[in-house]
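A.B. asks: For the sequence shown, the positions run -34 to -1, 1 to 291 when mature numbering (1 follows the signal peptide of the UniProt record, and there is no 0) is used.
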Amino acid sequence: MKLSETRLLASLKHMMPALALSFGCLLSAQGAMADANTPSGNNATEQAAPAASAPAATGTDAAQPGQTPVNESAVAPADAVPSINEEGEQVMTHDLSPWGMYQQADIVVKAVMIGLVFASILTWTIWIAKSIELGRARRRLKGELVDLKKARTLNQAAEQARAQHSFSQTLIEDAQDELQLSAHSVEREGIKERVAFRQERLVGASGRKMSQGTGILATIGSTAPFIGLFGTVWGIMNSFIGIAKSQTTNLAVVAPGIAEALLATALGLVAAIPAVVIYNVFSRSISAYKAQVGDASAQVILLVSRDMDHRPAGERTPPHMVKVK
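1. Please list, in chain order, all residues of the same chain as Lys158 whose beta carbon is under 8 Å from its beta carbon, the five residues on each side excluded.
2. Among Ser63, Ile186, Val75, Ser132, which has the Cα closest to the Cα of Arg102?
3. May I have a chain-ordered list of the alpha helix (DSSP H) segments no shorter than 4 residues that lie completely inside the stretch 52 to 129?
4. What is the DSSP secondary structure of Glu144, reduced to helix, strand or coil?
5. Please go through the same chain and pick out, in chain order, the residues whose beta-carbon is closer than 6 Å to the beta-carbon of Ala227, but skip the five residues on each side of it.
6. Grouping DSSP H, G and I as helix and E and B as strand, with all else coil, what is Phe133?
7. What's the gap between the Cα of Phe192 and the Cα of Gly234?
8. Please name the residue in Glu155, Gly187, Ala127 whose C-alpha comes closest to that of Val243.
9. Just how far apart, CA to CA, sit Ala190 and Trp90?
10. Between which two residues does the alpha helix (DSSP H) containing Thr185 stretch?
11. Please say whether Ala254 and Arg104 have beta carbons closer to each other than 9 Å?
12. Take the Cβ of Glu125 as the centre, count every other Cβ of all protein chains shown within 10 Å, and call the residue buried at 16 or more, exposed below.
13. Apply the 10 Å Cβ neighbour rule to Ala149 and answer buried if 16 or more other Cβ atoms are within range, or exposed otherwise.
14. Check for me: the alpha helix (DSSP H) holding Ser172 runs from which residue to which?
15. Assign His276 to one of two classes, buried (16 or more other C-beta atoms within 10 Å of its C-beta) or exposed (fewer than that).
16. Looking only at its chain, what residues have a beta carbon closer than 8 Å to the beta carbon of Leu168, apart from the 5 residues adjacent to it on each side?
17. Is the closest heavy atom of the ligand FAD to the C-beta of Pro222 under 8 Å?
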């Protein structure tokens, strides 16, 4: 139980450098944009000079008849508007929704995302199926324990179990089979030990059968964060390659790639955290189920011991007929 939680914490520690690197890239890109947007002193002086000479030029042009005055201040903003609109259109082309980021992701990152989504679906499928199976088994076994406690002999318990087709029928038939094999034995304690040994094996087998499928949850819980981390690293590498090709630190170029990379990490955590929690819940439930099977086995051993003690000393154990289906 604690092993899966320890693996999850270890995977989170391994993902911290990649997350720190992603946020560092965002901060550096914002700083570069701020430096690029800050005008220098020389540029400010050059911009002020045309502004000062503009009135004289306007006056000269106005003195000439037949010429239409030109307002340069009105022309400059008109030239700046398309660049703003173009930048806005460039930003709007990036769909930052989960589906949009998936469509724009690299083929490797897409494969990672598909695998993590499949692992998450598999986790919840196992949870639903195993919860129904465990619930039915525990309720059925609870009623069988009541019937075993009411039985006075092993044959009476066998008739009740055979009529109800219950799980305890397997325990009773196994005990009867051992009594049949030990029909010519006069050592009662040896017979009881052999019956108890076979009952113990059945209890362990029932627990292993009920645990089938839970190993997948442990595997998903321990590997999904690392698979998501791989997708994150791959996405950040692609973001750096895009920065190098475009030769710009604009957030419109940097942010989408980093967001796609972080989405892979998020999907890894979405798949891993429920898998670890569900695995721990099933571990406790299966342990409780094995305890119930152990109680039923103890009742069968009790009936065997009672039947043997009620026989006169020195009497051999009569063979029990086991109905074979």
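Cβ coordinates follow ideal geometry from the N, Cα and C atoms, glycine included.
C.D. replies: According to the data block:
1. Ile267, Val270, Ser271, Met274
2. Ser132
3. 64 to 70, 73 to 116
4. helix
5. Thr198, Gly201, Ile202
6. coil
7. 7 Å
8. Gly187
9. 15 Å
10. 180 to 212
11. yes
12. exposed
13. exposed
14. 154 to 176
15. exposed
16. Thr136, Leu137, Asp140, Val259, Ser263
17. In the structure on display, the ligand FAD does not appear, and there are no ligands present to speak of.
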